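A short worksheet on the structure shown next.
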């Protein structure tokens, strides 16, 4: 019995060992996947995800548009010619990588233009407006200057050329330079003309004065802010008015600043311009001189004296200035001072007939009768000087002798005839003195 029980125990144990793996298998199959995901109930495995396909990144590019004026201009990128703009002045460059580039545009007859360009950060349209080269114009300008063709009426001339260029290319520095050069060149010779109007007035023609005024006008058209040239323009306007008044032969009364004939417009216009000239440039001594001469002619001896003293101080070698100063002293009855001034003028220019004649007249008026010899010497020095004959006529008119009155009449007539242009004195004044002598003779 005991043996049978042992046998059953062993048999049960072996059976249990055989059954446990079978029971355990389904149990294991129902257990959760360690990853936390449920297992495929059918026992199929989840296929792996496909790996993404790697693609190489493509570079970012832009399309650059270049516009040029003038058209048909060559475009260089980083020094390499890449194309030419079309008839509309346009060219495009595609697939230009991001980065910094040097863009240059060239065209024959125009200045090259270049600029940097940052592709990706700047607008991809560049505009180039080329400036024409002015080399040929500058050569033409220099040739005209060298030939002395500064201004009209002959054409071509430098003023005409520069005016055209200034209109076509405003703001170009080359044009500004040409304008400055020509403005200075136009008035370059004027100081000599101005000096001659003060030292030898009779030798200067009205045409010379007009040409000089035209030169200042053209110069100011190119450089209007030049005060010196403005003063010169006023001076020539004043001297032209003075010359026209002299040639007109009229004389204005003292009270009106004119002459004995009642003309005020001529000397008034001249005086206004000359005063403006010295206001603009007080170093323009010739303007002071002409103003002094005008003041004598219009009866303002004191004003003339003050003005002419300035002139002799500034230009101590101008015999004409001392001669005019002597005239202002004489007009004011200061005969001793007049003698000194005339004598100084004749020392500077021994052959100055006007100064020598003035010296003789002042001496006679001071009581030195032999002053007549100085006047006669002046006539020999310059037979064409009407002033010497006028002074001799004045001396004889002061005599109480009728014989001298006859000589005075002759000399007055001769002086008036010789002074047909009224440049040495106003004939109207001489005619008035002649009438007084003739009346006295009756």
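Residue numbers (this note's numbering): 125 to 566.
Ideal Cβ placement from N, Cα and C applies to all residues, glycine included.
Treat the numbers as computed from the prediction; the structure is a model and nothing was measured.
C-beta atoms of residue i and residue j nearer than 7 angstroms
i, j, result
"residue 211", "residue 205", "no"
"residue 499", "residue 516", "yes"
"residue 310", "residue 299", "no"
"residue 511", "residue 488", "no"
"residue 394", "residue 360", "no"
"residue 411", "residue 419", "no"
"residue 229", "residue 191", "no"
"residue 329", "residue 343", "no"
"residue 464", "residue 405", "no"
"residue 426", "residue 397", "no"
"residue 469", "residue 446", "yes"
"residue 475", "residue 432", "no"
"residue 184", "residue 248", "no"
"residue 346", "residue 306", "yes"
"residue 265", "residue 242", "no"
"residue 442", "residue 323", "yes"
"residue 484", "residue 491", "no"
"residue 532", "residue 561", "yes"
"residue 193", "residue 253", "yes"
"residue 216", "residue 245", "no"
"residue 477", "residue 509", "yes"
DSSP three-state assignment for residue i, whether helix, strand or coil
i, result
"residue 226", "strand"
"residue 352", "helix"
"residue 240", "strand"
"residue 541", "helix"
"residue 588", "Limits of the chain in this structure are 125 at one end and 566 at the other, which puts residue 588 out of reach."
"residue 249", "strand"
"residue 256", "strand"
"residue 185", "strand"
"residue 549", "coil"
"residue 148", "With a pLDDT of 47 at residue 148, under the threshold of 50, the modelled position of this residue cannot be trusted, and the question is left open."
"residue 512", "helix"
Residue i to residue j span [Cα, whole Å]
i, j, result
"residue 286", "residue 302", "7 angstroms"
"residue 233", "residue 350", "34 angstroms"
"residue 235", "residue 259", "10 angstroms"
"residue 459", "residue 541", "28 angstroms"
"residue 240", "residue 203", "12 angstroms"
"residue 319", "residue 503", "26 angstroms"
"residue 546", "residue 371", "5 angstroms"
"residue 564", "residue 316", "47 angstroms"
"residue 269", "residue 257", "20 angstroms"
"residue 480", "residue 467", "7 angstroms"
"residue 415", "residue 275", "30 angstroms"
"residue 222", "residue 213", "24 angstroms"
"residue 219", "residue 238", "21 angstroms"
"residue 200", "residue 291", "32 angstroms"
"residue 555", "residue 482", "19 angstroms"
"residue 348", "residue 462", "43 angstroms"
"residue 486", "residue 501", "15 angstroms"
"residue 455", "residue 530", "25 angstroms"
"residue 548", "residue 267", "42 angstroms"
"residue 535", "residue 557", "11 angstroms"
Assigned exposure category for residue i - 16 Cβ within 10 Å defines buried
i, result
"residue 407", "exposed"
"residue 457", "exposed"
"residue 340", "buried"
"residue 552", "buried"
"residue 522", "exposed"
"residue 424", "buried"
"residue 525", "exposed"
"residue 279", "exposed"
"residue 391", "buried"
"residue 363", "buried"
"residue 409", "buried"
"residue 449", "buried"
"residue 497", "exposed"
"residue 334", "exposed"
"residue 471", "exposed"
"residue 451", "buried"
"residue 226", "exposed"
"residue 544", "exposed"
"residue 312", "exposed"
"residue 421", "buried"
Residue-level contact to chain D via CB, residue i, 7 angstroms cutoff
i, result
"residue 249", "Absent here is chain D; the protein component of the structure consists of one chain."
Q: For the region 275-346, list the alpha helix (DSSP H) runs that are entirely contained and at least 4 residues long, ordered along the chain.
A: 282-292, 297-310, 314-323 and 330-346
Q: Would you mind listing the beta strand (DSSP E) stretches within the region 187-228 that are 3+ residues and don't spill past its ends, in chain order?
A: 198-201, 204-208 and 214-221
Q. Residue ranges of each alpha helix (DSSP H) run of no fewer than 4 residues wholly in the region 417-492, ordered along the chain?
A. 425-438, 443-455, 459-472 and 477-489
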